[in-house]
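Numbering of the sequence shown is given in the working numbering, commencing with residue 275 and proceeding in unit increments. C-beta: ideal position from N, C-alpha, C; glycine also. As structure tokens, the structure follows; a few thoughts come after it.
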Amino acid sequence: MAHNVIAEAKKCLNCKKPLCRTGCPINTPIPQMIQAFLNGDIDGAGKMLFDNNPLSVICSIVCDHARQCQGHCVRGIKGDPVEISTIENFISERYLDVLKIDCEPANGIKVAVIGGGPAGITTAIMLAQLGYDVTIFESKPRIGGVLRFGIPEFRLPKSYIDRYESLMRGLNIQIRPNMTIGKSFGIKELFRDGFEAISIGTGVTWPNTLNIKGETLGNVHYGVHYLESPEVYHLGNSLIVIGAGNVAMDVARTAMRRGVKDVKIVVRSDRSTANTDELEYAKIEGADVIFNKAPVEITDKGVYFKDTVCDENHKVISMSEDATLMPADSVIIAVSQKPSNLILTDTEGLELTPRGLAKTDENGMTSIPGLFASGDVVKGAKTVVEAVEQAKRTVVAMDRYLKAKVAAEKAAQSAESKGE
Ligand SMILES: Cc1cc2nc3c(=O)[nH]c(=O)nc-3n(C[C@H](O)[C@H](O)[C@H](O)COP(=O)(O)OP(=O)(O)OC[C@H]3O[C@@H](n4cnc5c(N)ncnc54)[C@H](O)[C@@H]3O)c2cc1C
């Protein structure tokens, strides 16, 4: 392993204009990190990665490297690109053990983070580093969001999230598990209790439906529900997974590992939106991936599909007249997610987008002063690295907002004491 990592790092051309960075949604300083590593400064390389992206180690595992950093590496034009993800993983995984986070002195200002997924974890860590007193509220018993309750163990070991949980406790971040904001109390009560700013990172946890006949039958399930507790499902010997993204691939691979013999992933258009590797892994593990089939009805015996034709943008432009039955014991629908959150619907004054997502300005502030949002709850179902990138920008805006608020309060107090 170590030899591979060093050999891979030595392949880096240290380009003046590093296209790998351009391909990375969070602009990871890839050549700099590789040079620091090769010069023996592995701690410096780790710090560089962590400071730019606190979830660097997670991203080294779950990002779509073939489309992002590695897909842009110039060495890939004529041969194999540098395996940046392997180098990043080696450095960042070790850094989690040795890191000592420098924090600014505690400023006593309370901030609340709602949701403990990638957006919430990033927000909480970065605000704690800036000296804020952070409390994170999480619906589930453990933090992690999709990292813990969606992506299967064989792809992302949960021990990584456990390590983040310890790191956060080490930063004195308070975690309130099993606490769904919007049920017992909401945003208003958090402001009432002295939280000066609040960040929502509640993701999109509710599955989209197909809205076709048969969707309520007993043999039909939703991907995100299945992945949360696959052991409680009895799928039989054959399964149709409807969908084209990472959720569909994770469902298929999990079901096959749990003994379902015949797994078909059926896609409406002519391409998959899953990570390039995930599609290949699903196929190599035995899933049959079938494109250009639109589901029109589900029965106890399987799914009726119509054949589709797509344009050059992969948009379905026409469908066959007749539908044919593809037999299966069970069906799992994995066609993305939407928000299902009382915070969004019940918070007075909170504006939403037409898709029901939190509406924010370019800095992540919602229509309510002091209430920010980041991650999937703002952008819809996207990726871990995008949630982190957005959370990072939101933290900068929260810090600016809080400093301005404190300064304004001090100015008002001093004016009052002078009797102005
Ligand atoms: C099965 C699956 C596989 C995926 N695979 C990949 C992949 O390989 N690579 C990749 O980059 N992306 C992948 N994604 C997408 C990625 O996981 C998400 O984009 C990312 O997790 C979004 O982060 P988030 O913090 O916005 O939301 P989430 O991860 O959804 O976290 C939201 C958190 O908020 C909590 N919450 C919700 N409502 C409340 C409330 N009212 N009060 C308190 N807490 C609340 C939830 O319990 C959850 O813990 C995948 C998604 C799924 C579902």
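Original post:
Alpha carbon to alpha carbon, how far is G510 from I564?
Top reply: Locating residue 510 in the sequence shown gives position 236, where the first residue counts as 1. Locating residue 564 in the sequence shown gives position 290, where the first residue counts as 1. Near 20 Å, if we compare the C-alpha coordinates of I564 and G510.
**OP:** Could you give the DSSP three-state label for S503: helix, strand or coil?
**Re:** If you number the sequence shown from 1, residue 503 lands on position 229. Coil, per DSSP.
Original post:
Is F565 helix, strand or coil by DSSP?
Top reply: Here residue 565 refers to the residue found at position 291 of the sequence shown. Residue state, collapsed to three classes: coil.
Subject >> Identified DSSP bridge partners for P481 >> reply: Translated into positions along the sequence shown, residue 481 becomes position 207. P481 pairs with Q611.
Original post:
Any idea what DSSP makes of Y406, helix, strand or coil?
Top reply: Along the sequence shown, read from residue 1 onward, the residue named residue 406 stands at position 132. In the structure shown, Y406 adopts coil according to DSSP, grouped into three states.
**OP:** State the Cα-Cα distance for the pair N493 and D574, rounded to the nearest angstrom.
**Re:** The sequence position of residue 493 within the sequence shown is 219, counting from 1. The sequence position of residue 574 within the sequence shown is 300, counting from 1. When only Cα atoms are considered, N493 and D574 end up about 7 Å apart.
**OP:** State the DSSP-derived secondary structure class of H346, mapped to helix, strand or coil.
**Re:** If you number the sequence shown from 1, residue 346 lands on position 72. Looking at H346 - three-state DSSP - the assignment turns out to be helix.
Original post:
Secondary structure at L312, three-state DSSP: helix, strand or coil?
Top reply: Counting from 1 along the sequence shown, the entry for residue 312 is found at position 38. Residue state, collapsed to three classes: helix.
**OP:** Confirm the yes/no value for this check: CB of P303, any heavy atom of ligand 1, distance under 6 Å.
**Re:** Start at 1 with the first residue of the sequence shown, and residue 303 comes out as number 29. Not one heavy atom of ligand 1 is found less than 6 Å from the C-beta of P303.
Subject >> Heavy atom of ligand 1 within 6 Å of N452 beta-carbon >> reply: Against the sequence shown, residue 452 aligns to sequence position 178. N452 Cβ: outside cutoff for every heavy atom of ligand 1.
Original post:
What separation, rounded to the nearest whole angstrom, lies between the Cα atoms of S543 and E502?
Top reply: Residue mapping note: residue 543 aligns to position 269 of the sequence shown, counting from 1. Residue mapping note: residue 502 aligns to position 228 of the sequence shown, counting from 1. Each residue's alpha carbon lies about 27 Å from the other.
**OP:** Out of V387, A281, C343, I383, state which residue places its alpha-carbon closest to the alpha-carbon of I304.
**Re:** In the sequence shown, the residue the question calls residue 304 occupies position 30. For I304, the closest alpha carbon among the candidates V387, A281, C343, I383 is that of C343.
Subject >> Beta bridge counterpart(s) of M639 as assigned by DSSP >> reply: Translated into the one-based positions of the sequence shown, residue 639 becomes position 365. Note: M639 sits in a beta bridge opposite F646.
Original post:
What span of residues does the alpha helix (DSSP H) with T528 cover, start to end?
Top reply: The residue given as residue 528 occupies position 254 in the sequence shown. Element bounds for T528: 520–531.
Subject >> For M672, the residue or residues it bridges with in DSSP >> reply: Counting from one through the sequence shown, the residue named residue 672 turns up at place 398. In the DSSP output, where bridge partners are listed per residue, M672 has none listed.
Original post:
To which residues of the same chain is L464 closer than 7 Å at the C-beta, ignoring the five residues directly before and after it?
Top reply: Stepping through the sequence shown from its first residue, residue 464 is reached at position 190. So the qualifying residues of the chain are A386, I472.
Original post:
Helix, strand or coil: how does DSSP classify D371 here?
Top reply: Counting from 1 along the sequence shown, the entry for residue 371 is found at position 97. Looking at D371 - three-state DSSP - the assignment turns out to be helix.
Original post:
Hey, would you say the C-beta of P328 is under 6 Å away from at least one heavy atom of ligand 1?
Top reply: Residue 328 sits at position 54 when you count from the first residue of the sequence shown. Judged by the Cβ position, P328 fails to qualify as a neighbour of ligand 1 at the 6 Å threshold, every heavy atom of the ligand being at least this far.
**OP:** Would you mind sorting A548 into buried or exposed? The rule is 16 or more other CB atoms within 10 Å of its CB.
**Re:** Working through the sequence shown from its first residue, we reach residue 548 at position 274. It counts as buried.
**OP:** Select from V521, T302, E470 the residue whose C-alpha is nearest the C-alpha of V408.
**Re:** In the sequence shown, residue 408 corresponds to position 134, counting from 1. If we check each option's Cα against that of V408, E470 comes out closest.
**OP:** Express the C-alpha separation of M530 and K567 in angstroms, rounding to a whole number.
**Re:** One-based indexing of the sequence shown puts residue 567 at position 293. One-based indexing of the sequence shown puts residue 530 at position 256. In a straight line, the C-alpha of K567 is about 22 Å away from that of M530.
Subject >> Neighbourhood of G456 by C-beta, 7 Å cutoff - its chain only, sequence neighbours within 5 removed >> reply: Indexing the sequence shown from 1 puts residue 456 at position 182. If we look at G456 and ignore the five residues flanking it on each side, its Cβ neighbours are N615, L616, I617, D620.
Original post:
Does at least one heavy atom of ligand 1 sit under 6 Å from the Cβ of E412?
Top reply: As a first step, residue 412 must be located in the sequence shown, where it is residue number 138. Yes; taking the cut-off as 6 Å, the Cβ of E412 has a heavy atom of ligand 1 nearer than that.
Original post:
Around the Cβ of F428, are there at least 16 other Cβ atoms within 10 angstroms (buried) or fewer (exposed)?
Top reply: Position 154 of the sequence shown holds residue 428. Counting Cβ neighbours within 10 Å, F428 comes out exposed, since fewer than 16 surround it.
Subject >> Where the alpha helix (DSSP H) containing M442 begins and where it ends >> reply: In the sequence shown, residue 442 corresponds to position 168, counting from 1. For M442, the enclosing alpha helix (DSSP H) starts and ends at 433–444.
Subject >> Where T302 falls: helix, strand or coil (DSSP) >> reply: Along the sequence shown, one-based indexing puts residue 302 at 28. Here T302 sits in coil by DSSP.
**OP:** Using three-state DSSP, classify C286 as helix, strand or coil.
**Re:** Locating residue 286 in the sequence shown gives position 12, counting from the first residue. Reduced to three states, the DSSP call for C286 is coil.
Subject >> V372 versus V356: straight-line alpha-carbon distance, rounded >> reply: As a position in the sequence shown, residue 372 is number 98, starting the count at 1. As a position in the sequence shown, residue 356 is number 82, starting the count at 1. Straight-line spacing of the CA atoms in V372 and V356 works out to 26 Å.
Subject >> Limits of the alpha helix (DSSP H) - the one that L464 falls within >> reply: The residue labelled residue 464 in the question sits at position 190 within the sequence shown. For L464, the enclosing alpha helix (DSSP H) stretches over residues 461–466.
Subject >> Identity of the residue in I435, Q403, G638 nearest E367 by Cα >> reply: Translated into positions along the sequence shown, residue 367 becomes position 93. Looking at the Cα atoms, I435 is the closest of the given residues.
Subject >> Beta-carbon contacts of V669 that lie in its chain and below 7 Å, excluding the five residues immediately before and after >> reply: Numbered from its first residue, the sequence shown carries residue 669 at position 395. Result list for V669: T397, M400, L401, in chain order.
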